[in-house]
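**Q** In my numbering, the protein residues as written are 1165 to 1531. Would you mind keeping the following structure in view while I ask a few things?
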């Protein structure tokens, strides 16, 4: 009688590849021969079923012709049973690399069960924690840029051994415990029986090497907490809330590791005279009614100091004047934004008789 692969995996014929994968993972956990609930015959059947249904082309042929289409050899020319079982136990034959079986990472599945994780060799270099500092800037400092000196107490490389953990003059050797692999294999007795487990080497902390003689200053840790002085250049035109990344200025993790990064977050104080929007700035200036009518040349405040602004005759209250190139420098590229000056015409609140007479005469002329 032909095998019903869908029934073996407990899925419908309309099941998606994701549903097939989930079903296979669940059953693989349950029936693996090394587990108490294991059943080697059942385990072999679900693997055979998934090798067919997990492959779109084979699945199409199976749906059309049934299990006999090319399955005389069980695994149909794919991974043989012995190799599959070695991979599922994290054993040799694959150079310690992950084995992918129709889109399912065997190291992922069986690493969860037995702890070997599907990965051999040494652990990658450790990376220290990132740090963050907040600094305050005046409006002008943010506009034109400034260099700031920061003082930060953090884990840094030991000054004596320069972070290696070795006493000066002492060599670094291959770890005696893990033989340079950074990992050691352990056999644990569990409720399911003896299981192999690959763990990080405790002697070298996964580095694969140790100093012949430990640094007396740091005890071989390679780390010392100390105050660091860091100079940071704040670029012209930086915005409030922006952060600057200083690579390698975070925490130092220890020998063989890489320091994290330092993020400097900028907080810009508000200015009484200027309001910033992007790279443009906005100011206000008050003029009298005669100045608005007759025109004038007045002095205004800019980021570059005092400048003259020409008020043409007939200027309206709240009229804006644009001064190109007097705004905030662009962070990328050259040039600056503009300064917009809003002119506000002051009307006397309590005009005297003389003012009233002049205005009446003016009104007659205008009419």
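Idealized CB from N, CA, C, for every residue including glycine. Since the model is a prediction, treat every value here as computed from it, not as a measurement.
Any chance the region 1321 to 1340 sits against the region 1302 to 1310, with 3 or more Cβ pairs inside 8 Å?
**A** Touching, no.
**Q** Need the endpoints of the alpha helix (DSSP H) that residue 1205 sits in, please.
**A** Note, residue 1205: alpha helix (DSSP H), 1204 to 1217.
**Q** Span of the alpha helix (DSSP H) holding residue 1193?
**A** Where residue 1193 is concerned, the enclosing alpha helix (DSSP H) stretches over 1181 to 1195.
**Q** So, at 8 Å on beta carbons, what are the nonlocal neighbours of residue 1464 in its own chain, with the 5 sequence-adjacent residues on each side left out?
**A** Only 1447, 1449, 1470, 1471, 1472, 1473, 1505 meet the Cβ criterion.
**Q** Compute the Euclidean distance between the alpha carbons of residue 1280 and residue 1348, then round it to the nearest angstrom.
**A** Bear in mind that the predicted position of residue 1280 carries a pLDDT of just 43, short of 50, making it too unreliable to give a figure here.
**Q** How many Å lie between residue 1409 and residue 1292 at the Cα?
**A** So the alpha carbons of these two residues sit roughly 15 Å apart.
**Q** Secondary structure at residue 1223, three-state DSSP: helix, strand or coil?
**A** DSSP places residue 1223 in helix when its eight states are reduced to three.
**Q** Nearest CA to the CA of residue 1508: which residue from 1336, 1521, 1384, 1475?
**A** The candidate whose alpha carbon is nearest that of residue 1508 is 1475.
**Q** Whole-angstrom Cβ separation of residue 1378 and residue 1341, contact assumed at under 8 Å?
**A** Incorrect: roughly 15 Å between the Cβ atoms, too far for contact.
**Q** Grouping DSSP H, G and I as helix and E and B as strand, with all else coil, what is residue 1169?
**A** Helix at residue 1169.
**Q** Would DSSP call residue 1276 helix, strand or coil?
**A** Below a pLDDT of 50, predicted positions are generally treated as unreliable, and residue 1276, at 46, falls in that range; the measurement from the model is reported next regardless. Reduced to three states, the DSSP call for residue 1276 is helix.
**Q** By Cβ distance, which residues of its chain are closer than 6 Å to residue 1194, with the 5 residues on each side in sequence left out?
**A** So the list reads 1201, once near-sequence residues are dropped.
**Q** Going by DSSP, which residues form a beta bridge with residue 1300?
**A** Paired residues: 1431.
**Q** In terms of residue numbering, what span does the beta strand (DSSP E) encompassing residue 1474 cover?
**A** Run containing residue 1474: 1469 to 1475, per the beta strand (DSSP E) assignment.
**Q** Does DSSP put residue 1336 in a helix, a strand or coil?
**A** Strand.
**Q** Hey, quick one: how far does the alpha helix (DSSP H) through residue 1458 stretch, first residue to last?
**A** Looking at the DSSP string, the run of the alpha helix (DSSP H) that includes residue 1458 is 1453 to 1458.
**Q** Pick out whichever of 1167, 1204, 1218, 1323 has its Cα sitting closest to the Cα of residue 1187.
**A** Checking every option, the nearest Cα to that of residue 1187 belongs to 1218.
**Q** Return the Cβ separation of residue 1494 and residue 1443 in integer angstroms, given the expectation that the two are a contact with Cβ distance under 8 Å.
**A** About 6 Å; that satisfies the 8 Å criterion.
**Q** May I ask you to report which of helix, strand or coil DSSP gives residue 1538?
**A** The question about residue 1538 has no answer here: the residues shown for the chain are numbered 1165 through 1531.
**Q** Take residue 1315 as the anchor and find which of 1372, 1394, 1172 has the nearest alpha-carbon.
**A** Ranking the options by Cα distance to residue 1315, first place goes to 1394.
**Q** Rank 1397, 1350, 1420 by C-alpha distance to the C-alpha of residue 1368 and give the top, closest one.
**A** Residue 1368 has its Cα closest to that of 1420, out of 1397, 1350, 1420.
**Q** For residue 1453, collect the residues of the same chain with a Cβ closer than 8 Å to its Cβ; drop the 5 residues on either side in sequence, then sort them by chain order.
**A** These residues qualify, in order along the chain: 1509, 1510, 1511, 1512.
**Q** On the DSSP bridge list, what partners appear for residue 1447?
**A** The partner list for residue 1447 (beta bridge, DSSP) reads 1505.
**Q** From residue 1490 to residue 1468, what distance separates their C-alpha atoms?
**A** Approximately 7 Å, taken between the alpha carbons.
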